[in-house]
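Written below as C-alpha cells is the structure these notes are about.
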C-alpha cells in the first residue's frame, strides 16, 4: 500500500515526562495488581477474624511500640520523599543525590525495626490461624519494603555514576517516589488490622 | 551498537535505506544467544503460541486416555492413582498452560501490530514472562513424568490438598506451577495495558481501537484483579504444607471454605479471561467475512466492560452445595443470570452484522458459525446451573463437565482456531489449506458435539465427575462408549489441524500483505512483518483504517533510525507526546527467569530457598535495569 506522509514527529521529545512516560503507567499498573493482592490478604484476615470466637485468639495481643515506631518512620519519610520527587521533577542532580541518600537511610531504618516487630507479635506463624494471617500480612508488606528499599539503593548508586544526569533517570526517581507512597499507604490498613482495638 | 550515524532520521534518506537501517536497528541477532536474548514481540508471541499448542496437544492426549479408561465399565487402562493424576493434569494443563497463555500469546503477537506500534511495552518483561511460563510448564510435566504429577483436581481443594491428606510433593508442584503461570500472565497483562494506553498509533482514539484490542485491555484488568487471589491462595497452601501455618486448618482457627472463596474469586473471572479474548477475535475477524464493519461497536465495548465487572460477582455459584446462607445464594444466582445479558448483547450485535453482510464462507468464518451454535448451548446450560436447586442436582456430575466444555471449547477454542486460520498468513507469510481447513472445522464441530452432548445426559443420569471407573450394572456404558468413539473424531480434527499448520509453513501459497482484505492495521505491513513492524508509523483516521482509503495509508515521519524508537500518544485521543525508545535485546530477562525458577522450585523443598534464592534474582534484576549507554538511553 502506498504511504502518504501526513505528520512530522521529529519535534517530539526523546522521552516523555509524567503521564507521557510508559514507566509511569507501568508503575501505576503494578500498584493496582499489588494493591489487589493486599486487599485480598486483608479480606482473608477479616474472614478468619469473623469466624474466630475471640481476636486475637490463643495469644496475648502484640506489643505496640515497634509497630508505632515503624509507622512514624514511614510517615516521616513521606516528607523527604516528596522533596526528592520535586527535585527530580526539576532535574536538580545535586539535591536528588542527597535526597536519595536520605531516603535510603529512611528505608533501611523501618526495616530494622520491622525485625523487632515480628518478635513483638507475641505469636508464631504456626501457633494458629491468627498467627498465620498476621505473620503473612506483615511479611507481605515487608517484601514490598525490601523491594523498594533495594530499588532506592540501586537508583541512589546509579545517580552517582555517569548515567545519573539523564532525564530518564529523573523520571525513574519520580516513579520510585510514587511507589514509596504506595508502600507507606498500604501499611496503614495493615497497621489497623494488626494493632487496631478489638472492637474494630 | 549499529554503524548508523547518530540521530539519523527517516526523513533524510530514501525508502529503501529507511527499511535497511530500521532492520539493522531492530533485528534479532543470529545464533543461540541471539534467540535467547530477543525481545521482539513477534518472536516471543510465536514461541508463546507454539508452546501453548504443544500443551494443548499433550492435554488432549490426557483427555483421550481418560476416554479410553471410561469407554467400558470396569476399564483397566489406567489405575485409580494414575487416573487422579491424569484428570488433574488435564484440567491444570488446559487452564493454566493452554487457555490463558494462548490468549495472551495471541495478544503479544497481535496487539502491537493492531495498534500500529513497533514493539510491545516493556519488551524485556515480555521475554521474562515467556521463560517463566515455559519453566512452569516444564515443572508440571517433568513432575508428571516422574510420577509426581498433582492428583488433587485442577482446583486443589483443601483438605484434600493440605498437609494431612496429600503427603509428598504432588500438591506443591501444582501450587507452584500456579505461581509460575500467574507471574507470566500478570506480566503480559501489564504490558498489554500500557501498550494500549500509550502506544496506539496517532489518531487511534478510544472509539477506533480494534475490538480484539479492547477485549485484551478488559481481560488484562481482570487478570490483574483476579490472579492475585489464586496467588494468595496457593502461597497460603504451600505455607500450610511447608512451614505449618493454619490458614486452612479448622482445628486451629483456619477454614477450608476460605480456600474455595479464594480459588473461585480467581476461578470464575478466569473463565472470562479466556472467553473475552475469544469474543474480541470474533468481532475483529467478522468484518472481513461479511464485508462490513461490525454492528454496534459501542454496545460491544460496553458489553465487554460489563462482563469484566460482573465476572467478579459470580464466584459463589461454584459453591452452592457448601451450605452458604440462602440470601447469598440468591444474590449469586441473580448475578450469574445477569451476566447472560451483556453476553447476549454481543451475540445479537454479531447476528445483526451477519444479517446485513455478504458472508464469505472461508475457514475462519466456519469456526465463527461453529462458535455461535456451541457457545449459545453452553451459555444456556450456564443459566441452568446458576439456579441453586438445579445446581444441587447436577453438581459434580458429567452435566457440569459438558457445560464447561461447551463454554470453553465452543466459546474460546473454536474462535481461537478460526483466529489461527485468519492470522496464520500474517504470522507465517503463507496461507493454510482451505480444503483441509473445511475438514478440520467439520470434524472438530461434529466430533465435539457428539463427544460432549451425551455428557449432559450422563450427568442427568447421575454419573459423577472424576470417577476412574463405574460398574457394569449402572446404565452408563453405551453412552460412554459413544462418547469415547466420538472423541476420536474430535482428535482426528485436531490432528488434521496440526498437520495443516506444520505443512502450510513450508508449502502454503504465499499470503501477501492482506489476503482477507481486512480493515485493521496489522494487515498494512508485510506478512510476516519486518522486525520493526512499520517502516513509518500509521496515522489512523477512522475505525476501519485500511478501508478508509484503499489506495494510500497516511503515515507519520521524523523518527530516528539509529535507535529503537516508538511513538507515545495520549491515553484518550492518541495525540503524539514523545518519541520514546524501546529496549534492545538482552540476556538478563532469561537469567532473571532462570534464577526466579530456581527460587520457586527450591521453595517447595525448603523455606530457605526464598532467602538464598533471592540473591541471584536481585543480581539478575540489577543487571537487567542498569543502563548500558546505548542510544535508547538518551532522553
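Residue numbers (our numbering), protein chains in the order written: chain A, 1 to 200; chain B, 1001 to 1635.
Even glycine gets a Cβ: it sits at the ideal position worked out from N, Cα and C.
A quick note: this is a predicted structure, and the numbers were derived from the prediction, not measured.
By a C-beta neighbour count over all protein chains shown, 10 Å radius and 16 as the cutoff for buried, is residue 1038 of chain B buried or exposed? buried
Can you give me, in chain order, the residues of the region 1205–1230 of chain B that have a beta carbon less than 9 Å from any beta carbon in chain A? 1220, 1221, 1223, 1224, 1225, 1226, 1227, 1228, 1229
Does residue 133 of chain A come out as helix, strand or coil in the three-state DSSP assignment? helix
Which residues of chain A have a Cβ atom closer than 9 Å to the Cβ of residue 1635 of chain B, listed in chain order? 13, 14, 15, 166, 167, 168, 169, 170, 171
Against chain B, which members of the region 128–144 of chain A pass a CB distance test of less than 8 Å? 128, 129, 130, 131, 132, 133, 135, 136
Is residue 1369 of chain B near the ligand MG - that is, is its Cβ less than 6 Å away from at least one heavy atom of it? The ligand MG is not among the ligands present in this structure, which contains no ligands whatsoever.
In chain order, which alpha helix (DSSP H) runs of at least 4 residues are fully inside the region 1384–1409 of chain B? 1388–1394, 1398–1405
Reducing DSSP to helix, strand and coil, say where residue 1636 of chain B ends up. Because chain B is modelled from 1001 through 1635, residue 1636 of chain B falls outside the range shown and cannot be assessed.
So within the region 1056–1120 of chain B, which uninterrupted beta strand (DSSP E) runs reach at least 3 residues, ignoring any that extend past its ends? none
Measure from the C-beta of residue 1186 of chain B to each C-beta in chain A and report whether the shortest distance is under 7 Å. yes
Run through chain A and tell me which residues come within less than 8 Å of residue 1557 of chain B, C-beta to C-beta. 5, 7, 8, 9, 10
Measuring CA to CA, which of A:76, A:127, A:121 is closest to residue 138 of chain A? A:121
In the structure shown, what three-state DSSP assignment does residue 1284 of chain B receive? helix
Closest to residue 1290 of chain B by C-alpha separation, out of B:1279, B:1256, B:1017, B:1359, would be which residue? B:1359
For chain B, is any of its Cβ atoms less than 7 Å away from the one on residue 123 of chain A? no
Verify the CB distance criterion: does residue 1592 of chain B have a CB-CB separation below 7 Å to chain A? no
Classify residue 28 of chain A as helix, strand or coil using the three-state DSSP reduction. helix
With DSSP as the reference, please indicate the residues paired to residue 8 of chain A in a beta bridge. B:1557
C-beta contact flag for residue 964 of chain B and residue 1097 of chain B at 7 Å: There is simply no residue 964 of chain B to check, as chain B begins at 1001 and stops at 1635 in what is shown.
Apart from the five residues just before and just after residue 1539 of chain B, which ones in its own chain have a Cβ nearer than 7 Å to its Cβ? 1201, 1202, 1203, 1554, 1555, 1556
Which residues in the same chain as residue 165 of chain A place their Cβ atom closer than 7 Å to its Cβ, once the five residues preceding and following it in sequence are excluded? 93
Exposed unless 16 or more other CB atoms sit within 10 angstroms - verdict on residue 1165 of chain B: exposed
Is the beta carbon of residue 1417 of chain B closer than 7 Å to that of residue 1367 of chain B? yes
With distances taken from CA atoms, which of B:1462, B:1502, B:1431 is nearest residue 1510 of chain B? B:1431
Closer than 8 Å is the cut-off here; do at least three beta carbon pairs connect the region 1309–1324 of chain B with the region 1260–1273 of chain B? yes
Residue 1232 of chain B and residue 40 of chain A closer than 7 Å at C-beta: yes
Classify residue 1563 of chain B as helix, strand or coil using the three-state DSSP reduction. coil
Could you check where the beta strand (DSSP E) with residue 1581 of chain B kicks off and where it finishes? 1576–1581
Residue 1464 of chain B bridges to which residues according to DSSP? B:1397
Give the interface partners of residue 22 of chain A over in chain B, defined as CB-CB distance under 7 Å, in chain order. 1121, 1194, 1198, 1568, 1580
Residues near residue 1536 of chain B by beta carbon distance below 8 Å, same chain, minus five either side: 1010, 1018, 1555, 1556, 1557, 1559
Quick one: does residue 1113 of chain B have its CB under 7 Å from some CB of chain A? no
Residue 1524 of chain B touches chain A at which residues, Cβ-Cβ below 7 Å? 1
Tell me which residues share the same chain as residue 1260 of chain B and place their Cβ nearer than 6 Å to its Cβ, disregarding the 5 neighbours each side in the sequence. 1319
Of all Cβ atoms in chain B, is any one closer than 7 Å to the Cβ of residue 47 of chain A? yes
Under the assumption that residue 1426 of chain B contacts residue 1522 of chain B (Cβ atoms under 8 Å), give the Cβ distance between them as a whole number of angstroms. 6 Å
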